[in-house]
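Just below is one structure, and these are the notes that go with it.
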Amino acid sequence: MKRFTGAITAMLFLSCLLTTAFSAQTGDGYRGIWYEIGGAYSGGMATYPQHQMPMAVYAPAAQKTFFVYGGESADGRENLQMMIGAFDHQKKLLANPTLVRDCATNDAHANPCMAIDTKGHIFIYCAARHKFSGRIYRSCKPYDISAFDQLVDTYMPYPQAWIADDGRHFLKYTRYNKGNGSVREIYSTVSQNGTAWDFKKSTKIANDGHYAATTLHKGRLWMTLNWHKSGSDKRTNLYVIRSDDLGTSWQTTDGKPVSLPMNFPETSGLIRDYLTEKKFIYLNDLITDAKGNPVILYVEASGGSKSQGPKGDPRRWMTARYDGKQWHFHPICTVDHNYDYGNLRIDTKGIWRAIGATDAGPHPYTTGGEVVLWESRDTGVTWKRAKALTKNSQRNHSYVRVPTNFAPEFFGYWADGDTTQCSESDLYFCDWDGNLFRMPRKIAKPWVQPIPVP
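Just add 3 to wherever you are in the sequence shown, counting from 1, and you've got the numbering used here.
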């Protein structure tokens, strides 16, 4: 294993299992990465993309929320920094974040996701991007972000990681295979303890280009995915499948076997035929309700990623809920961009809350906008604006994330950024009631108070 204690000061050659140690220091504040991809999206991308999940986890044993994000280097270089921070729910303080990896790229597709095992060890999964390799790290101590072991160096774009109660680790990831016209292929693999991985034994779940979201509830995996016809960016159709053996075999929501790999246009698992409707979908979130049934949050659009501006209207923030027998689809609100991303949670009283940048910001029809908290008390059938969290902002806010197993003091976090030109990017978080805080850009102490935003 390779061990380090914060920011990386030396970079050695890459291999599958690394044994050379090197050390460094912790970060000095919360600064998000700015990133753009022409014609599709731009701005503060610290918590981008939606296909890495989860990015934050609340640990009841430590009474802390741990969260990862893509940071900017202290010298202002557009150089992606893999960061991890923490919020202490008892003391209401933010930890000085730790730099896990200096990526030598500004591509926010390489942002990490994370998970916490049953012993409290924090696992960070840094995504691969093109020739940039992915890595898996584990904290040296439980519930501690000061030092990590580097476990694996491999190819794993868009990682999604979940840890079962028996300690096994499930990892969904993507491979690009341009040789057969299938640009994106979905795979999964399992590790017995998270330290040893054999990606050659991965299960191929789907062909023909997809994005997906996953969640794990009481041993059952759920996955929702869309279809990119022949690898195109015009993502359409909405599918849901489930697995009771951590991804070895999959079934439809009503228990019918799904043949792997799925080939599209597939009918197994199809819950809505958006191809026939001539609409496109952008997945945001996948959760389960108190009964373990899946609920999906997504954007329904009239145009693909390059169809930004009014010509892509109408765009709707949608939920799809399975009641154990059938699916129910309901709109929350309209949005002005395909990547107006957010998350959805259901509390113990059955109150649904969706949070995301659904209002137009200072730069309409670009990524994000102003963050709004939406609420439903009838299982997503009707919605009301609970609170506008940001207003009159100078920069658009985007990619709101909610921790897995969230606690009310730290409900959502995200970054802002100018969507028209390179800019600074600040990070924010809010509580369940919608009180807003900014994370300090400069920190000189191990723990600091967040900055209240009126």
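Glycine included, every Cβ here is placed at the ideal spot set by N, Cα and C.
Being a predicted model, the structure only gives us computed values, none of them experimental.
In the three-state reduction of the DSSP assignment, G315 falls in the helix class, which pools H, G and I. A check of alpha carbon separations from R178 across N296, P160, Y301 and Q195 identifies P160 as the nearest. Counted as a single uninterrupted DSSP element, the beta strand (DSSP E) harbouring L102 occupies residues T101 to D105. Contact annotation: I119 and V60 have beta-carbon atoms nearer than 8 Å.
Taking 8 Å as the cut-off, the beta carbon of A164 is found no closer than this to the beta carbon of Y190. Relative to G35, the option among S428, I87 and G437 whose CA is nearest is S428. If you look at L278, you'll find it in the alpha helix (DSSP H) that goes Y277 to E280.
Distance check between T291 and each of H231, T227, M48 and I139 places T227 closest, using alpha-carbon atoms only. In the structure shown, F202 falls within a helical segment according to DSSP collapsed to helix, strand and coil. When the Cα atoms are used, D169 and R223 turn out to be separated by approximately 13 Å.
Rounded to whole angstroms, the separation of the alpha carbons of P457 and Q55 is 31 Å. With contacts defined as CB atoms closer than 8 Å, H213 and H231 qualify as a contacting pair.
The straight-line gap separating the alpha-carbon atoms of I148 and G295 is approximately 32 Å. A direct Cα-to-Cα measurement between R318 and T279 gives close to 17 Å.
The shortest C-alpha to C-alpha distance from I208 to any of T198, S271, Y277 and Q195 is the one to S271.
The Cβ atoms of L96 and V451 lie closer than 8 Å to each other.
In this structure, S379 and R398 do not form a Cβ contact; the two beta carbons are roughly 29 Å apart against a cut-off of 8 Å. With a cutoff of 8 Å on beta-carbon distance, K282 and E269 are scored as not near each other.
It is roughly 43 Å from the alpha-carbon of F90 to the alpha-carbon of F267.
Under the three-state reduction of DSSP output, K232 falls in the helix class. Non-local beta-carbon contacts of R104 in its own chain, meaning distances under 7 Å to residues more than five positions away in sequence, involve I11, M85, C129 and R138 in chain order.
Counting along the chain, S45 sits inside the beta strand (DSSP E) bounded by residues Y44 to G47. G420 sits away from G88, with the two beta carbons spaced by 8 Å or more. Under the three-state reduction of DSSP, H124 is assigned to coil, being neither helix nor strand.
A distance below 6 Å between beta-carbons, with the five flanking residues on each side excluded, links W200 to the following residues of its chain, in chain order: V155 and S194.
Rounded to whole angstroms, the separation of the alpha carbons of N341 and D326 is 27 Å.
Along the segment 118 to 196, the beta strand (DSSP E) occurs as fully enclosed runs of 3 or more residues at 125 to 129, 137 to 142, 151 to 157, 163 to 166, 172 to 180 and 185 to 194, listed in sequence order.
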